[in-house]
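First comes the structure, then the notes that go with it.
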Amino acid sequence: MKKFITWLLIFMLSVSMTACSKNQNKKETGKNDTVTESSVKKTDSSQEKETKKEKTEKKKKQEKTNKKTTEEKKKAAKKSSKKSSKNSKQKKASTTERKKTTTTETSQERQEKFCRIAINCHTVLKNKDKLKSNYQIPSGGKIYSGQLKIEDGDTVMTVLKRTGVSIDTSKGYVQGIDGLYEFDCGRYSGWMYKVNGKFPNVGAGKYTVHEGDQIQWLYTCERGDI
């Protein structure tokens with residue numbers, strides 16, 4: 091009987107120890123599972139944090155890139171605007187200069203003055219018998235006729251020289267024009283001039299010409315024939 095009781099106690103003790111051992115293993119396993127889950131959760135959380143950080147950094151980089159691009163566009167737009175403004179100013183300046191030039195040219199054209207001059211020896215045609223020289227009388231006695239530009243201070247003499255017809259003068263007095271001289275066709279023959287239909291009382295070198303004046307150089311053979 092004692093042996094049976096002893097064996098029973100040993101058996102119960104063994105069973106109790108086995109149960110304790112199992113419980114211990116379960117606890118340790120549970121702990122390990124808990125630690126593993128915690129580690130996994132930490133890892134996931136760390137990965138999420140890293141992912142968020144990466145996203146944030148990427149977002150910041152993108153924002154910087156966008157900002158840089160925007161600034162570059164603004165600078166380019168400003169440069170383009172400045173160039174356009176400069177070109178516009180240059181065009182305006184060019185247009186203004188052209189207008190000024192045109193205005194100046196127009197003003198100069200308006201300021202230009204002219205007069206008419208005619209050189210005629212038709213009286214010789216009626217006095218050929220008195221002609222002592224070999225002068226060739228032009229058709230109708232007309233030596234020159236035209237309009238000439240004049241400048242301030244021009245005289246009848248300077249305008250006569252501007253015709254290009256050959257002239258022979260002495261001390262401001264016209265002795266011959268186109269090869270026809272005084273006294274070639276009579277004792278009273280010679281050159282005289284009119285301005286606007288009148289004979290001035292001064293020499294040709296002292297009479298100032300004005301715009302629109304009509305000058306006539308006429309060869310006289312007898313008194314009162316011109």
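Residue numbers (the working numbering): 91 to 316. Yeah, the Cβ is synthetic: ideal placement off N, Cα and C, and Gly gets one too. Nothing here was measured: the structure is a model prediction, and the numbers come from that model.
Would residue i and residue j be called neighbours here (beta carbons separated by less than 8 Å)?
i: Tyr283; j: Ile267; result: no
i: Glu301; j: Lys218; result: no
i: Val255; j: Tyr278; result: no
i: Tyr309; j: Val246; result: no
i: Asp89; j: Gln265; result: The structure shown does not extend to residue 89, since the chain is modelled only from 91 to 316, so the question has no answer here.
i: His212; j: Gly236; result: no
i: Ile209; j: Trp307; result: yes
i: Gly280; j: Tyr225; result: no
i: Asp303; j: Asn286; result: yes
In its own chain, which residues sit with a C-beta less than 7 Å from the C-beta of residue i, not counting the 5 before and 5 after it?
i: Tyr263; result: Gly293
i: Glu312; result: Gly276 and Tyr278
i: Leu221; result: Val214, Asp274 and Cys275
i: Lys296; result: Thr245
Please state whether DSSP places residue i in a helix, a strand or coil.
i: Asp258; result: strand
i: Ala166; result: helix
i: Gln306; result: strand
i: Thr126; result: Legend: pLDDT at Thr126 = 47, less than 50; position of this residue unreliable, value from coordinates given subsequently. In this structure, Thr126 counts as helix in the three-state DSSP scheme.
i: Ile207; result: strand
i: Gly221; result: As written in the sequence, residue 221 is Leu, which differs from the Gly given in the question. Here Leu221 sits in coil by DSSP.
i: Val299; result: coil
i: Val292; result: coil
i: Glu312; result: coil
Looking only at its chain, what residues have a beta carbon closer than 8 Å to the beta carbon of residue i, apart from the 5 residues adjacent to it on each side?
i: Val249; result: Cys205, Ile207, Leu238, Ile240, Val299 and Ile305
i: Glu147; result: none
i: Ala167; result: none
Using a Cβ-based criterion (distance less than 7 Å to any ligand heavy atom), does residue i qualify as near the ligand COA?
i: Glu153; result: As for the ligand COA, it is missing from this structure, which has no ligand bound.
Give every residue of the same chain whose Cβ lies closer than 6 Å to the Cβ of residue i, excluding the five residues on either side of it in the sequence, and list them in chain order.
i: Gly314; result: none
i: Asp244; result: Val299
Starting from residue i, trace the beta strand (DSSP E) both ways and give me its first and last residue.
i: Lys239; result: Lys232 to Ile240
i: Ile267; result: Tyr263 to Ile267
i: Val285; result: Gly280 to Val285
Return the first residue and the last residue of the alpha helix (DSSP H) that residue i is part of.
i: Val249; result: Val246 to Arg252
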